[in-house]
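Single-structure report; data block below.
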Amino acid sequence: MPNRFINCILLLIPLLYAPPLKAADPVRLQLLWKHQFQFAGYYMAVEKGFYADEGLDVELIEMTNGIEPSHEVMSGRVEFAVGRSSLLIGSATDNNIVAMLAAFQHSPLMLLTKKQSGIMRPTDLRGKRIMITNDAKRVGELLAMLLQSGISSSDFIQQQHSYNVQDLIEGKTDAMASYISNEPYIMAQQGVKYNIIHPKDFGFDMYSDILFTSREFARKNPELTERFYRASIRGWEYAFNHIPETAEVILNGYNSQNKTLDALMFEGRELKKLAYDENGDFGTLSLNKFNQMAQVYLITNSIFRDYNFDNFIYKPASNRLRLTQNELDYLNQIRDDRLNVCINPDWYPYESYNNGRHQGMISEYLQQILADVGLNYTILPSNSWRETLKLARQGQCNLVAGAMQTVQRSDYLRFSRPYLSIPAVVATLPEKRNMVLKNQRIAVQDKSAFHDILQDRFPAAELVPVRTMKEGFHMVRNGDADALVGAEASLMYQQREHQITGVAISDLLHDNWDMSIAVTHDHVALLSMINKAIAAFSPERHEAISKRWFQVDFNTVVDYSLLWKVLGGIALLALLALYRYQSVMRYNRRITQLAERDELTGILSRRKIRQELEEFIALAERHDWALSLIFFDIDDFKKINDTLARIFHKQAVACHF
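With the working numbering applied, the sequence shown corresponds to residues 2 to 658, in that order.
Below is the structure:
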């Protein structure tokens, strides 16, 4: 009883500090086709909680007959949809659509033929049967490819599309408009060799699966639109980095087409080849490429020459940041340029560079801040922080993703307002955790801002430069340094990752150090725009990034003395309460025994006998049982006890002597 009560109280205490829940914004996304890996990024954004992180409750709507995604968006029945590259046609006339991202930089649509047919090029299709839809908007790149090769609609036999690749396998057609990620797998499974005639190989490279919304919705809901955009990109990058897991998710939850796991894996691998641009970025949209794509629809007479796509591409922060005309003009000048960004390659979980990708907390800030401004960038990798600063001094990088401002660095860098505050901590031997640092040997990463700051703060200290935090930990443990100073999460991660024991991490400095984006002097015009993007960064976005990177159980030595004192006091009070409870229960049992039994004989009292007799009589009457009573007469028990006691006492005394 008392233990259950105490446990309930302990379980309820966290609820007192829980923040009130905020209702998620409902959002509907109309897909372009039936569920398959083609929409994997949106599935994973739902399943991994990326939409939930942004405060969104997203409903994914599968395609049904008669549905046109652009009509669904413009009517307001859905907020977002996935469309084909033919969205350009509508944008060229009414300008009401905003393209947010392209899931595929190269369209998976192509013409599929059997290898034994010998049909390998568009020119081979003259006089052949082709299964292709009548809608030039949907297959514009295929028609343009054929027209460029001298094959007009009268030069081949157009067949109604059955969407069944068996018709190609069985020779009912010579070529079929197909997706490179679907039908080739079926043919390979049946041992049928095939040829792929892809428009991009003949100069017609099209975006595909463009996420879009209405211009009106984006204008009225800029924050929601941007949150959906960010979470969708995260979902796609997760899906392509975890294809087996994603295929399992689709198999078990989004498999209306009853595909096998192997088919979904094949689809994922093929689509990943089409998803990234030449710089390895996902979702890229380029005005230059849209203008090139427009040539396809000019060839098919779907649009006229007086088109303008200047406002077709989604610009996340143009309304929120309130950029000046000079800033907008400068931004337009460099819109198609890619900024070189230098990073710290070994400072996880703040940032690192692994397998060709920039990772960590700073990576997310950089991506979101520059996306808000509308800047494209490329990571310029280095082998160390020292090399990064060298590249910055030489002007080889335009930005440094995360840097602390110091006097020395101000000679060649300009710093934005801080976007991240990092606790500075100290690693020492446990017995030295309360020491004064001013005269000690302090290990610190070479060429880091920590080195410059400590040099100013503790001029009498001996600063020992180290190349890595691991090296610094070992110097402290071996007595070659008295302390190691660094960023909290980084030190804790390194300690756990390298299983370093016998070193305590504590807050001796009582200080936070600010992180900024640094800009080289030739791009100082960017600084005001970056500052506006940082100023507009909402607390919810800060919290979401922090949760993703700092919810880690780092194994370190922490001073829990105050906590143990409080818990000790609580435990003592609990023990006292438990002792009091048990004492009361013991006295209650004693009182009950005295009330119900004779103290001398231990038999039931007359009142208790009468009570139990009444209960047995009632029980016998209820069940029609026979009831017998047996009484033992003990009236003379005292006389017997006194007599026998004297006899046995005499015998015992005689035996003793």
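The beta carbon of each residue, even a glycine, is placed where N, CA and C say it ideally should be.
Exercise for the section: Could you tell me if W348 is buried or exposed, where buried requires 16 or more neighbouring beta carbons within 10 angstroms of its beta carbon? Expected result: buried
Practice task
Give a yes or no on whether the C-beta atoms belonging to Y195 and K116 are separated by under 8 Å.
Solution key: yes
Practice task
Assign E544 to buried or exposed, taking buried as 16 or more other Cβ atoms, counted over all protein chains shown, within 10 Å of its Cβ.
Solution key: exposed
Practice task
List the endpoints of the continuous alpha helix (DSSP H) containing M294.
Solution key: L288 to I300
Problem - Exposure label - I571; buried when at least 16 CB within 10 Å - result: exposed
Exercise for the section: Determine the DSSP secondary structure at F81, reduced to helix, strand or coil. Expected result: strand
Practice task
Output yes or no for whether 8 Å exceeds the beta carbon distance between L89 and M266.
Solution key: no
Handout entry: Coarse secondary structure for Y195, derived from DSSP in three states
Key = strand
Practice task
Evaluate the contact criterion for the stretch 99-114 versus the stretch 216-230: three or more CB pairs, one atom per stretch, below 8 Å.
Solution key: yes
Practice task
Please confirm if the stretch 468-478 is in contact with the stretch 520-530, defined as three or more CB-CB distances below 8 Å between the two stretches.
Solution key: no
Handout entry: Contact under 8 Å by Cβ, K129 with D175
Key = yes
Practice task
Compute the Euclidean distance between the alpha carbons of R549 and P109, then round it to the nearest angstrom.
Solution key: 33 Å
Practice task
Starting from L147, trace the alpha helix (DSSP H) both ways and give me its first and last residue.
Solution key: G141 to Q149
Practice task
Write down the C-beta distance between L32 and E63 rounded to the nearest angstrom, noting that I regard them as a contact closer than 8 Å.
Solution key: 6 Å
Exercise for the section: Identify the continuous alpha helix (DSSP H) that holds W34 and give its terminal residues. Expected result: From DSSP, W34 is part of no alpha helix (DSSP H); its letter is neither H nor E.
Exercise for the section: With DSSP as the reference, label E463 as helix, strand or coil. Expected result: strand
Exercise for the section: Please classify M2: does DSSP put it in a helix, a strand, or coil? Expected result: Residue placement at M2 is poorly supported in this model, since its pLDDT is 49, which falls under 50; the coordinates still yield a value, given next. Note: M2 maps to coil in three-state DSSP.
Handout entry: Alpha-carbon to alpha-carbon, L367 and Q660
Key = One cannot answer for residue 660 here, as it falls past the ends of the chain, which runs 2 to 658.
Exercise for the section: Consider the Cβ of Q258: report whether some Cβ of chain B lies at a distance smaller than 8 Å. Expected result: No chain B is present in this structure, which holds just one protein chain.
Handout entry: Cβ shell of Y670 (< 7 Å), same chain only, five flanking positions each side left out
Key = No information on residue 670 is available, as it lies outside the stretch 2 to 658 that the chain covers here.
Exercise for the section: May I have a chain-ordered list of the alpha helix (DSSP H) segments no shorter than 4 residues that lie completely inside the stretch 322-379? Expected result: 326-334 and 362-374
Handout entry: For F203, the three-state DSSP class (helix, strand or coil)
Key = helix
Problem - alpha helix (DSSP H) runs wholly inside the stretch 417-473, at least 4 long, in chain order - result: 450-458
Exercise for the section: Have a look at F203 and D337 and give me their C-alpha separation to the nearest angstrom. Expected result: 25 Å
Exercise for the section: Return the chain-ordered list of same chain residues with a C-beta closer than 8 Å to the C-beta of V408, the five sequence neighbours on each side being excluded. Expected result: D453
Practice task
Can you give me the Cβ contacts of K439 inside the same chain, cut-off strictly under 7 Å, excluding the 5 residues immediately before and after it?
Solution key: F459, A461 and A462
Exercise for the section: Note the first and the last residue of the continuous beta strand (DSSP E) segment covering S215. Expected result: S209 to S215
Problem - Coarse secondary structure for K273, derived from DSSP in three states - result: helix
Handout entry: Inter-stretch contact (C-beta, 8 Å, three-pair minimum) for the stretch 364-384 and the stretch 427-441
Key = no
Problem - Environment of M121 [buried if 16+ CB atoms lie within 10 Å] - result: exposed
Practice task
Give the single residue among G396, T134, M530 and S87 whose Cα lies nearest to the Cα of Q326.
Solution key: M530
Problem - Cβ neighbour criterion (16 or more within 10 Å) applied to M493 - result: buried
Exercise for the section: Determine the DSSP secondary structure at S76, reduced to helix, strand or coil. Expected result: helix
Problem - Residue closest to S449, alpha-carbon to alpha-carbon, out of L400, G172 and T469 - result: T469
Practice task
Return yes when the Cβ of S215 is within less than 8 Å of the Cβ of V28, no when it is not.
Solution key: no
Problem - Distance between G56 and E541 (C-alpha atoms, nearest Å) - result: 9 Å
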